[in-house]
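*Asks:* One structure, as structure tokens, below. Some questions next.
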Amino acid sequence: MKLKGLRWWIIGLIGLATIINYIDRSALAIMWPSISEDLGMTKNDYALILNVFMVAYAVGQSISGKLFDKIGTRMGYVVVIIVWGLSSFFHSMARGILSFSFLRVTLGLGEAGNWPGAAKSNAEWFPVKERAIAQGIFNAGASVGSVVAPPLIALLWAAFGWQITFMCVGSLGLLWLIPWLIINRGGVEKHPWITDLERDYIKSGQHKADQDAEAKGKSIAELLSHRESWSVLIGRFFLEPIWWLFVGWMPLYLADVYGFDVKQIGFFAWVPYVGAAVGSIAGGWYSGSLMSKGHSVNRSRKTTIVIGAAIMFLGLVTTILFADTPEKFVGIVALVLFGFQFAISNVQTIPSDLFSGKSVGSLAGLGGTVGVFSVIVMNFLVPIISEISYTPIFVMIAVFVPLGVGAIYFFARDIKPVEDK
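Sequential numbering from 8 applies to the sequence shown in my numbering.
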């Protein structure tokens, strides 16, 4: 049996896993007003639990990057999804800050693997010019998950309560393993279902080093010895907090500023992620379109990143000046997250532009780890600053936008394989 367009089936499944990933991680924030009331917990407890997750998530990015480089994407996904699915399921049994913190650690360790795993899979299954659109499809899963999560979780919560809701969403990832193991039966070279035409198309559009299955991955020290690697690390350090501010704190912002309950959060908080989903696909398509017209990888990536950054920055400024109603707020945030995803799909593709084979997952994971550390700092500041106003927080992340883009330009003056330099 041959399956036409097999690479799109693979990235489609990873996109679906990302939807599940975001449903699982969003459940705590969306149901927090109810959970905190039942268990007598505070906003500071939430900030601590959130940061425990982020620390584990940061560590998990680097660990899972090496894991995927060592055991491959097929079994790597099996490991991380079993860990995060069971962790999400057992949130139903948490009764306080210690049990929630423990389960958020295991959830963070498992969920972190999705990102370096996708970057590595895309490098294996797609030619260079299609990698950003593949990354965009993957990132759209995060946005679609964030669209689906609020109303889905609100409805489950209203029908069954928060404990049963955790059991339901935690089961989704375990069910996902069935089609993954059936469809992802091997790599491009050996998969029994891939057509000769598709195999030749993928290989002809890759760097030669991508096709060397025996190539040894670079150590962390070797990766960091290349100036270009720092474009990924510093760029993500400044850009990641923009996404995570809204993922982690928007439900609480809506509760604090507008007095929303769980149901109201559920039917408002999904709106910005529609913009994010569109931005994911649009950013990947746009950079691929530029390459198809003959532009270099360097120019295509950077042009797309700058456009997304400009939209982000203008949206954040507008949020500060004009978001005086919940309708305006979620509408403007949709613009911010459109810009973020338009840019970040290309930022996350840079590791596969610079390196090949068993080094891609490692750099992608390390970049995720560095990016999360700035998010951790932000999460400690938000509950303190928000007691007075959320405005300084929006100002801070608006400043991060040009810093992140500037780092990419400064460290990666020419985005191309380091072996060619």
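For glycine and all other residues, C-beta sits at the position ideal for the given N, C-alpha and C. If you're wondering where the values come from, they're calculated on a predicted model, not measured in any experiment.
Between Ser6 and Ile144, is the Cβ-Cβ spacing less than 9 angstroms?
*Replies:* Summary: the structure shown does not reach residue 6, with the chain confined to residues 8 through 428, and so no result is reported for it.
*Asks:* Starting from the Cα of Ala156, find the closest Cα among Leu35, Glu137 and Glu229 and give me that residue.
*Replies:* The candidate whose alpha carbon is nearest that of Ala156 is Leu35.
*Asks:* Assuming Asn305 and Lys136 form a contact by the criterion Cβ under 8 angstroms, report the distance between their Cβ atoms to the nearest whole angstrom.
*Replies:* The Cβ separation is near 13 angstroms, so there is no contact.
*Asks:* Distance check for Leu230 and Gly255, CA to CA, integer angstroms please.
*Replies:* Going from the Cα of Gly255 to the Cα of Leu230 covers about 31 angstroms.
*Asks:* Helix, strand or coil, according to DSSP, for Gln355 in the structure here?
*Replies:* Residue state, collapsed to three classes: coil.
*Asks:* Need the endpoints of the alpha helix (DSSP H) that Lys73 sits in, please.
*Replies:* Counting along the chain, the alpha helix (DSSP H) containing Lys73 begins and ends at Lys50 to Ile78.
*Asks:* Are the beta-carbon atoms belonging to Leu246 and Phe407 less than 9 angstroms from one another?
*Replies:* Taking 9 angstroms as the Cβ cut-off, Leu246 and Phe407 qualify as a contacting pair.
*Asks:* For Val85, which residues in the same chain have their Cβ closer than 8 angstroms to its Cβ, ignoring the five residues on either side in sequence?
*Replies:* So the list reads Leu184, Trp187 and Leu188, once near-sequence residues are dropped.
*Asks:* Trp169 and Ser99 - do their beta-carbons sit closer together than 9 angstroms?
*Replies:* Taking 9 angstroms as the Cβ cut-off, Ser99 and Trp169 qualify as a contacting pair.
*Asks:* When burial is assigned at 16 or more other CB atoms within 10 Å of the CB, is Met8 buried or exposed?
*Replies:* Answer is exposed; the Cβ neighbour count stays below 16.
*Asks:* Using CA atoms only, rank isn't needed, just tell me which of Ala283, Leu10, Val377 and Ile88 is closest to Arg192.
*Replies:* Considering only alpha carbons, the answer is Leu10.
*Asks:* I'd like to check one pair, Asn58 with Gly291: are the Cβ atoms closer than 9 angstroms?
*Replies:* It is not a contact, given that the beta carbons lie outside the stated cut-off.
*Asks:* With distances taken between CB atoms, is the gap from Lys225 to Phe347 smaller than 9 angstroms?
*Replies:* Against a cut-off of 9 angstroms, the Cβ pair of Phe347 and Lys225 comes out as no contact.
*Asks:* Determine the burial state of Tyr64: buried for a count of at least 16 other Cβ atoms within 10 Å of its Cβ, exposed for fewer.
*Replies:* Tyr64 should be labelled buried.
*Asks:* Smallest Cα separation from Val195: which of Lys210, Leu182 and Ser178?
*Replies:* The shortest C-alpha separation from Val195 is found at Lys210.
*Asks:* Taking only three categories from DSSP, how would you classify Val195?
*Replies:* If DSSP states are grouped into helix, strand and coil, Val195 belongs with coil.
*Asks:* Where does Thr49 land, buried or exposed, given buried means 16+ other C-beta within 10 angstroms?
*Replies:* With fewer than 16 other Cβ atoms within 10 Å, it is exposed.
*Asks:* Less than 8 angstroms separating the Cβ of Arg102 from some heavy atom of the ligand PLP?
*Replies:* The ligand PLP is absent from the structure shown, which contains no ligand whatsoever.
*Asks:* In chain order, what residues of the same chain lie with their CB nearer than 6 angstroms to the CB of Leu388, ignoring the 5 residues before and after it?
*Replies:* Cβ within range, chain order: n/a, list empty.
*Asks:* Terminal residues of the continuous alpha helix (DSSP H) containing Trp187?
*Replies:* Residues Trp169 to Ile190.
*Asks:* Going by other Cβ atoms of all chains shown within 10 Å of its Cβ, with 16 needed for buried, is Pro399 buried or exposed?
*Replies:* Per the 10 Å Cβ criterion, exposed.
*Asks:* Should the region 38 to 56 be called in touch with the region 196 to 204, which here means at least 3 C-beta pairs below 8 angstroms?
*Replies:* Contact fails: fewer than three Cβ-Cβ distances are below 8 angstroms.
*Asks:* Using C-beta distances below 7 angstroms, list every residue in its chain close to Tyr29, excluding the 5 sequence neighbours before and after it, in chain order.
*Replies:* Closer than 7 angstroms at the Cβ level, and outside the excluded window around Tyr29, lie Ala149, Gly152, Ser153 and Ala156.
*Asks:* So for Ile314, helix, strand or coil by DSSP?
*Replies:* In this structure, Ile314 counts as helix in the three-state DSSP scheme.
*Asks:* Determine, using beta-carbon pairs with one atom in the region 297 to 316 and one in the region 347 to 359, whether at least three such pairs fall under 8 angstroms.
*Replies:* Taking 8 angstroms as the limit for Cβ pairs, the verdict is that the region 347 to 359 does touch the region 297 to 316.
*Asks:* Using the Cα positions of Ala126 and Val66, report the straight-line distance between them to the nearest angstrom.
*Replies:* For Ala126 and Val66, the distance between alpha carbons rounds to 17 angstroms.
*Asks:* Taking the straight line between their C-alpha atoms, what separation do you get for Trp251 and Pro123?
*Replies:* The straight-line gap from Cα to Cα measures roughly 18 angstroms.
*Asks:* By DSSP, does Gly103 sit in helix, in strand, or in coil?
*Replies:* Looking at Gly103 - three-state DSSP - the assignment turns out to be coil, as it is neither helix nor strand.
*Asks:* When the Cα atoms are used, what is the spatial distance from Phe173 to Leu179?
*Replies:* If I take the Cα positions, the gap works out to 10 angstroms.
*Asks:* Report yes if the C-beta distance between Ile249 and Ala262 is below 9 angstroms; otherwise report no.
*Replies:* In this structure, Ala262 does not lie closer than 9 angstroms to Ile249 by Cβ.
*Asks:* Classify Lys365 as buried or exposed, calling it buried when 16 or more other Cβ atoms lie within 10 Å of its own Cβ.
*Replies:* So Lys365 ends up on the buried side.
*Asks:* Which term fits Gly282, buried or exposed, when burial requires 16 or more other beta carbons within 10 angstroms of its beta carbon?
*Replies:* Buried.
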